[in-house]
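Shown next, in structure tokens, is the structure this report addresses.
There are 2 protein chains.
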Amino acid sequence: MQIGELAKRAGVSHRTIHYYERIGLLKPAEREGAGYRYYDDTAYQRLEKIAALKRLGLSLDEIAAVIDLYFEDASGIKGKEKVLGILEAQIAKTDAQLTELTAFRRDLESNIARMKSLIDQARRTDCPL
Amino acid sequence: MQIGELAKRAGVSHRTIHYYERIGLLKPAEREGAGYRYYDDTAYQRLEKIAALKRLGLSLDEIAAVIDLYFEDASGIKGKEKVLGILEAQIAKTDAQLTELTAFRRDLESNIARMKSLIDQARRTDCPL
DNA sequence: ACTAAACCTACACTCAACGTCAGGTTCAGT
DNA sequence: ACTGAACCTGACGTTGAGTGTAGGTTTAGT
Chain A
923 MQIGELAKRA
933 GVSHRTIHYY
943 ERIGLLKPAE
953 REGAGYRYYD
963 DTAYQRLEKI
973 AALKRLGLSL
983 DEIAAVIDLY
993 FEDASGIKGK
1003 EKVLGILEAQ
1013 IAKTDAQLTE
1023 LTAFRRDLES
1033 NIARMKSLID
1043 QARRTDCPL
Chain B
923 MQIGELAKRA
933 GVSHRTIHYY
943 ERIGLLKPAE
953 REGAGYRYYD
963 DTAYQRLEKI
973 AALKRLGLSL
983 DEIAAVIDLY
993 FEDASGIKGK
1003 EKVLGILEAQ
1013 IAKTDAQLTE
1023 LTAFRRDLES
1033 NIARMKSLID
1043 QARRTDCPL
């Protein structure tokens, strides 16, 4: 598939794909004959993964550091140990984020309840129709 | 307390505080005599809250939309209903994020296990000391 | 052969969220 | 009265994550 279709399927612009390629997030893809890029499905999967990791709040740099795990084995034992370190740091971060996120959720719920009762109350006193 | 101390306590720079004030995230604070800003503890709490919401991935704009909940009641019933809408959208987003985050955590754990076993294996075959 | 749609590179621009710098004012202690 | 630390504003610089545009090339359909 060409860049246009890939972009459409992944819900990003072709400029974004060029950008990801430039910063090393997405491999340059096959370049047949002239300069056209041709992608297969793994490129699409990679873009999806990138989007998912972005939603978790990772920067593109951080994503670059972990994404290859999903698509190839780290090369050599040095690489593996480095990757292990990254993963362990990442899981600690994730746990902290989970804690904060659940607390935030609780907060939201209690505020929703509060708002609802305030609205109810206002309705009953101001305009009982 | 003055801006320097507030900045130190909250772990941000004074320029960040100026910036937050300029975009309406932080009230201008008391300005006695000459232009010096004097803050009380709620300013500190507000900065903490902002930091927490940032860690959850909200933009400063989004934070501005919800932070007042924590410090004052929304005014009028119209405001309350608007706020309620924001809160409910936010909680849906939060739930989605929680789902993704736990999945990501699971992924990380399985990758960590995989890496550990690969490293172990490599150690045993390559250099059995 | 021709044309429109899709592609290419390269540079410039945007926007958020700050940081840096310069030049001036104010406050606290001596 | 004086000095150094803390403060002020305003303009400009920076980084991350892209977007826009210009000018040229390639491909697919007719």
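Protein sequences appear in the order of chains A and B.
Using the working numbering, the letters of the first sequence map in sequence onto residues 923 to 1051.
Using the working numbering, the letters of the second sequence map in sequence onto residues 923 to 1051.
Even glycine gets a Cβ: it sits at the ideal position worked out from N, Cα and C.
Values in this document were obtained by computation on a predicted structure and should not be read as measured data.
Using a Cβ-Cβ cutoff of less than 7 Å, which residues in the same chain neighbour residue i once the five nearest sequence positions on both sides are dropped?
i	result
Thr1047 (chain B)	none
Ile945 (chain A)	Leu982
Lys971 (chain A)	Ile989 and Tyr992
Val934 (chain B)	Leu969
Ala867 (chain B)	Given that chain B is displayed from residue 923 to residue 1051, the structure contains no residue 867 (chain B) and the question cannot be resolved.
Ala974 (chain B)	none
Ala929 (chain B)	Ser935, His936 and Ile939
Gln1019 (chain B)	none
Whose C-alpha, out of the options, is nearest the C-alpha of residue i?
i	options	result
Ala932 (chain B)	B:Leu991, B:Asp962 and B:Leu978	B:Asp962
Ile985 (chain A)	A:Ser935, A:Leu1030, A:Pro950 and A:Tyr942	A:Tyr942
Lys976 (chain B)	A:Ser1039, A:Phe1026 and A:Asp1042	A:Phe1026
Ile1008 (chain A)	B:Leu980, B:Leu1030, B:Ala951 and B:His940	B:Leu1030
Leu948 (chain A)	A:Thr938, A:Asp1017 and A:Ala1011	A:Thr938
Leu980 (chain A)	A:Ile1013, A:Arg953 and A:Ser935	A:Ile1013
Tyr966 (chain A)	A:Ala951, A:Gln1043 and A:Thr1024	A:Ala951
Tyr960 (chain A)	A:Gln924, A:Thr1021 and A:Lys1038	A:Gln924
Arg1045 (chain A)	B:Lys930, B:Gly998 and B:Ala1044	B:Gly998
Asn1033 (chain B)	A:His940, A:Ala1011, A:Leu978 and A:Ala956	A:Ala1011
Lys1038 (chain B)	A:Gly955, A:Leu1006 and A:Gly926	A:Leu1006
Ile1041 (chain B)	A:Gly926, A:Gly955, A:Lys1000 and A:Glu927	A:Lys1000
Arg1028 (chain B)	A:Thr1016, A:Arg1028 and A:Thr1021	A:Thr1016
Glu1022 (chain A)	B:Gln1043, B:Thr1024 and B:Leu978	B:Leu978
Give every residue of the same chain whose Cβ lies closer than 8 Å to the Cβ of residue i, excluding the five residues on either side of it in the sequence, and list them in chain order.
i	result
Thr964 (chain B)	Phe993
Arg953 (chain B)	Arg959 and Tyr960
What in chain B is Cβ-close to residue i, meaning under 7 Å?
i	result
Thr1016 (chain A)	Leu1023, Phe1026, Arg1027 and Leu1030
Hey, is residue i's beta-carbon within less than 7 Å of any beta-carbon in chain B?
i	result
Ile985 (chain A)	no
Arg977 (chain A)	yes
Val1005 (chain A)	yes
Leu982 (chain A)	no
Ile1041 (chain A)	yes
Ile1008 (chain A)	no
Leu991 (chain A)	yes
Ile1034 (chain A)	yes
Please report the residue range of the alpha helix (DSSP H) in which residue i lies.
i	result
Tyr941 (chain B)	His936 to Arg944
Glu970 (chain A)	Asp963 to Arg977
Ala929 (chain B)	Ile925 to Ala932
Asp1017 (chain B)	Gly998 to Asp1048
Asp990 (chain B)	No alpha helix (DSSP H) contains Asp990 (chain B), which DSSP labels as neither H nor E.
Using a Cβ cut-off of 7 Å (strictly closer), state whether residue i contacts chain A.
i	result
Arg1046 (chain B)	no
Gly1001 (chain B)	no
Met923 (chain B)	no
Gln1012 (chain B)	yes
Output, in chain order, the set of chain A residues within a Cβ distance shorter than 8 Å of residue i.
i	result
Ser1019 (chain B)	Going by the sequence as given, residue 1019 (chain B) is Gln instead of Ser. In chain order: Arg977, Leu978 and Leu1023.
Taking residue i as the query, report the chain A residues whose CB atoms sit under 7 Å from its CB, ordered along the chain.
i	result
Leu947 (chain B)	What Leu947 (chain B) touches in chain A: nothing, since even the nearest Cβ is about 18 Å away.
At 9 Å on the CB atoms, spell out the chain A contacts of residue i, in chain order.
i	result
Ala974 (chain B)	Glu1022, Ala1025 and Phe1026
Residue i touches chain B at which residues, Cβ-Cβ below 8 Å?
i	result
Lys1038 (chain A)	Leu1006
Tell me which same chain residues have a C-beta within less than 6 Å of the C-beta of residue i, skipping the five on either side of it?
i	result
Arg1036 (chain A)	none
Consider the C-beta atom of residue i and the heavy atoms of the ligand GDP; say whether any pair is separated by less than 6 Å.
i	result
Lys1015 (chain B)	What this structure holds is no ligand at all, so the ligand GDP is not there to describe.
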